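**Student:** Can you read through this structure? Questions will come right after.
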Amino acid sequence: MLTFPDFDPVAINIFGLKIHWYAIMYILAFAMAYGLMRVRLKKEPYRSITRPKAWGPTDIEDLLLAAIVGVLVGGRLGYCFFYQPGKYLAAPLEIFKLWDGGMSFHGGAIGVALGIAWYAWRNHRPFLQVADFLVPAAPIGLAAGRFGNFINGELWGREAPEWLPWAMIFPTGGDVPRHPSQLYQMLLEGVLLFILLWIYARKARYRGQVAGFFLAGYGIFRFIAEYWREPDDYLGLLGLGFSMGQWLSIPMIVIGIALFVWSWKRGVSDVEEPVDNTGDSGGDPLAETVVETPSETDADGVPEPEQADDDDESRG
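Numbering of the sequence shown is given in UniProt numbering, commencing with residue 1 and proceeding in unit increments.
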């Protein structure tokens, strides 16, 4: 059994200006996301896209700004209205007290989705094309955030057996050993999901499949990790013995799987010059999919594919 390290949640104190480790984790998360998206620019389909314009570093900056605003606003509102709606409806000004803590991933995800939609609209790009570009960089940022929770000694886990080697006594968790569930979530929702999603997104996929993979993957890992995380004391366990985090993860899993299957059946590729999905010559399923051109508009708000020439078998 371990004792929680005596972390000071304040990383830097300059003449009374306090910068917390949690804020540094957010900054680190966005910095890592920027670097990973620079790598994504070199991968298909983004290296071959020219319509309505090629992807470049300025796209990353604009998209990241929209995502930051979405995370902060959506995460805060999600926490207030998913977890304690009565409190914040009775005192709306409390919503603005960010220094008191309280952020929700699921609210932040909705905020990021709205940020992606705004960026896609401003730049005339398909929403799912933009989402597929962003989401592979998200899990490593989530890992940084969970480590920030651990440093703060918050969101600790349920009671653990004393024989568990890594069971831990948290300062605010009483005298019982607990699961360090922040680290479980860091490893599952962050590191493991990042590795799986990054490997999957290395090859060109049908539009929407990467986003669907992320939604379903996060939802599954979060649902599992919640079995070790202590439910919020003002909520406890809800219907079927599930926590609020689990109930909020179920729609993500359903939407993610549905999006993945729908994208696969729809079969829209953003690769303007079809490339081999395996790195070999031939055998790329995307080489036989429709590559869209700006002639008409489909249901996704993006150009509809032109009619293929009779002698062009690769567009069949």
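Yeah, the Cβ is synthetic: ideal placement off N, Cα and C, and Gly gets one too. Fair warning: this is a prediction, and the values are worked out from it, not measured in the lab.
1. Taking C-alpha atoms, which residue in TYR79, GLU154, PRO180, PRO171 lies nearest to LEU164?
2. Would DSSP call MET168 helix, strand or coil?
3. Determine the direct distance from the alpha carbon of ALA54 to that of PRO85, and round the result to whole angstroms.
4. Work out the CA separation of LEU41 and ARG47 for me, nearest whole Å.
5. What are the start and end residues of each continuous beta strand (DSSP E) run of 3 or more residues lying completely inside the segment 167–220, in chain order?
6. Would you check if the distance between the CB atom of ALA11 and the CB atom of ILE24 is smaller than 7 Å?
7. Quick check: what's the CA-CA separation for ASP6 versus GLU162?
8. To the nearest angstrom, how far is the alpha carbon of LEU93 from that of ASN149?
9. Express the C-alpha separation of ASN13 and GLY256 in angstroms, rounding to a whole number.
10. Expressed to the nearest angstrom, what Euclidean distance is found between the alpha-carbon atoms of residue 364 and GLU44?
11. What three-state label does DSSP hand ARG125 in the structure shown?
12. Here's the rule: buried if 16 or more other CB atoms are within 10 angstroms of the residue's CB, otherwise exposed. What is TRP166?
13. Entirely within the segment 25–78 and at least 3 residues each: give me those beta strand (DSSP E) ranges in chain order.
14. Would you identify the three-state DSSP class for VAL268, choosing helix, strand or coil?
15. Drop a sphere of 10 angstroms on the beta-carbon of LEU128, count the other beta-carbons inside from all chains shown, and report buried for 16 or more, exposed for fewer.
16. Is the separation between the beta-carbon of ILE110 and that of VAL130 shorter than 7 Å?
17. Cα separation between ILE199 and VAL210?
18. Grab the span of the alpha helix (DSSP H) containing ALA11 for me, first residue to last.
19. Rounded to a whole number of angstroms, what is the C-alpha to C-alpha distance between ALA91 and TYR119?
20. Does the segment 236–251 touch the segment 182–194, meaning 3 or more C-beta pairs lie closer than 8 Å?
21. For TRP21, is the classification buried or exposed, using 16 other Cβ atoms within 10 angstroms of its Cβ as the cut-off for buried?
22. Start and end of the alpha helix (DSSP H) containing LEU89?
**Tutor:** By the coordinates alone:
1. The option with the nearest alpha carbon to LEU164 is PRO180.
2. strand
3. 43 Å
4. 6 Å
5. none
6. yes
7. 21 Å
8. Rounded to the nearest angstrom, the two C-alpha atoms are 25 Å apart.
9. 42 Å
10. Outside the modelled stretch of the chain, which goes from 1 to 316, sits residue 364, for which no answer is possible.
11. coil
12. Counting the other CB atoms within 10 Å of its CB gives TRP166 a total below 16, which places it among the exposed residues.
13. none
14. The three-state reading of DSSP puts VAL268 in strand, counting E and B together.
15. With 16 or more other Cβ atoms within 10 Å, it is buried.
16. no
17. 11 Å
18. First-last for ALA11: 10–14, but that is the beta strand (DSSP E), not the alpha helix (DSSP H).
19. Taking the straight line from one Cα to the other gives about 33 Å.
20. no
21. Buried.
22. 85–90
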